[in-house]
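Just so you know, the protein sequences line up as chains A and B, in that order. According to numbering that gives the first Met the number 0, the residues represented by the first sequence are 0 to 147, in order. According to numbering that gives the first Met the number 0, the residues represented by the second sequence are 0 to 147, in order.
2 protein chains.
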Amino acid sequence: MRHKSFKANLCPVARSLDTIGEWWSLLIVRDALFGIRRFSDFQKSLGLAKNVLSARLKKLVACGIMEQVPASDGSAYQEYALTQKGRELLPVLVALREWGESYLFSRGEKRLQVLDKRTRKPLRRLEVQNAKGEILTANDLELVTVTN
Amino acid sequence: MRHKSFKANLCPVARSLDTIGEWWSLLIVRDALFGIRRFSDFQKSLGLAKNVLSARLKKLVACGIMEQVPASDGSAYQEYALTQKGRELLPVLVALREWGESYLFSRGEKRLQVLDKRTRKPLRRLEVQNAKGEILTANDLELVTVTN
DNA sequence: CAATTCTGGTTGCATGATGCAACCATTCAT
DNA sequence: ATGAATGGTTGCATCATGCAACCAGAATTG
Chain A
0 MRHKSFKANL CPVARSLDTI GEWWSLLIVR DALFGIRRFS DFQKSLGLAK
50 NVLSARLKKL VACGIMEQVP ASDGSAYQEY ALTQKGRELL PVLVALREWG
100 ESYLFSRGEK RLQVLDKRTR KPLRRLEVQN AKGEILTAND LELVTVTN
Chain B
0 MRHKSFKANL CPVARSLDTI GEWWSLLIVR DALFGIRRFS DFQKSLGLAK
50 NVLSARLKKL VACGIMEQVP ASDGSAYQEY ALTQKGRELL PVLVALREWG
100 ESYLFSRGEK RLQVLDKRTR KPLRRLEVQN AKGEILTAND LELVTVTN
């Protein structure tokens with residue numbers, strides 16, 4: 000059943016999910032952020048069906064999140080690289096990672112963690128803040144309709 | 000076709016998506032963060048099929064993201080409220096919102112924006128930072144396997 | 001109090017999404 | 001030249017989603 004479209008939705012969350020909310024899309028972006036570029040490498044890393052991978056990559060290219068570029072090894076193949084639009088999904092992936100780390104692993108359970116490459120230290124935790132840097136919860140927020 | 004399970008995945012992103020990556024789940028959490036509690040209000044706000052809403056709410060309760068509580072108006076009905084685990088999805092929703100605001104609306108197009116209720120000002124933008132507060136890109140990150 | 005409406009679901013079914021496996025054309029390596 | 005690697009496409013079965021109808025209990029209205 001075709002998903003309901005949020006393309007015309009006033010809410011940016013809904014529009015984001017319309018673009019990257021399908022099963023597998025964010026995992027493809029995650030892998031691309033960590034350097035995967037080849038069709039077969041995405042397929043091997045994720046273990047998804049090639050027909051679905053093909054469809055997802057096509058959509059990510061069509062949405063401007065990824066682009067196809069000549070292979071970096073000089074061969075005749077093409078690779079998939081994130082655009083700036085795609086790279087700016089990093090906070091989404093990091094937020095998902097932090098929530099998952101906090102709540103979806105048992106103590107002592109093996110997991111993949113992200114570190115700052117240079118310092119080998121964990122990242123500072125993402126916090127929702129106001130303009131002055133005060134940490135906010137959902138209760139501190141309101142929704143308004145704007146046209147900027 | 001049943002989605003591949005990421006329950007045993009070492010990556011927290013994959014585990015998060017296993018829990019909240021189904022179509023509609025994050026929009027339900029978004030609405031709950033902004034105060035919706037009743038089955039019919041979720042259904043009206045989102046416009047999704049009642050059978051899917053019912054299944055999603057059941058899963059969110061089973062995963063400990065939401066709980067069923069007596070209705071706040073004293074009637075015999077139940078409401079759905081986010082747990083702390085659910086409320087801590089706020090940065091995920093804010094990150095999705097920011098990306099969507101940046102890339103999925105045309106200039107001048109009407110949209111819903113989140114403001115700090117007290118100051119009426121937009122939020123500070125989420126940034127991926129290291130422990131010292133330096134802003135990082137994906138190129139500055141590495142993945143390691145840990146057991147903490 | 002009875003009738004009607006509201007609420008929170010459950011059920012049946014059709015369409016599209018995902019998973020699996022096979023197939024195929026081009027490119028690369030030996 | 002041959003076989004392997006690469007990047008897909010295709011066919012089909014199983015599940016996910018959307019739609020609409022149905023239903024039981026609670027609440028509201030006259």
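All C-beta atoms in this analysis are idealised placements derived from N, C-alpha and C, irrespective of residue type, glycine included. All values derive from a computational prediction rather than experimental measurement.
Tell me the DSSP secondary structure of Arg86(B) in three-state form. helix
Establish whether the CB of Asp72(B) and some CB of chain A are separated by less than 9 Å. no
If you draw a straight line from the alpha carbon of Val93(A) to that of Leu140(B), how long is it in whole angstroms? 11 Å
Simplified DSSP assignment, three categories, for Glu97(A): helix
Reduced DSSP secondary structure (H/G/I, E/B, other) of Ala7(B): coil
Going by CA-CA distance only, name the one from Leu47(A), Leu16(A) and Gln42(A) that's closest to Leu103(B). Leu16(A)
Which residue marks the beginning of the alpha helix (DSSP H) containing Leu45(B), and which one marks its end? Phe38 to Leu45
Looking at the structure shown, is Asp72(B) part of a helix, part of a strand, or coil, going by DSSP? coil
What residues in the segment 25-59 of chain A have a beta carbon less than 8 Å from any beta carbon of chain B? Leu25, Leu26, Arg29, Leu32, Phe33, Gly46 and Leu47
What are the boundary residues of the beta strand (DSSP E) that Val113(B) is part of? Arg110 to Asp115
Would you mind stating whether Pro11(A) and Glu100(B) have Cβ atoms separated by less than 9 Å? yes
Is the segment 25-36 of chain B touching the segment 59-73 of chain B, taking contact as three or more C-beta pairs under 8 Å? yes
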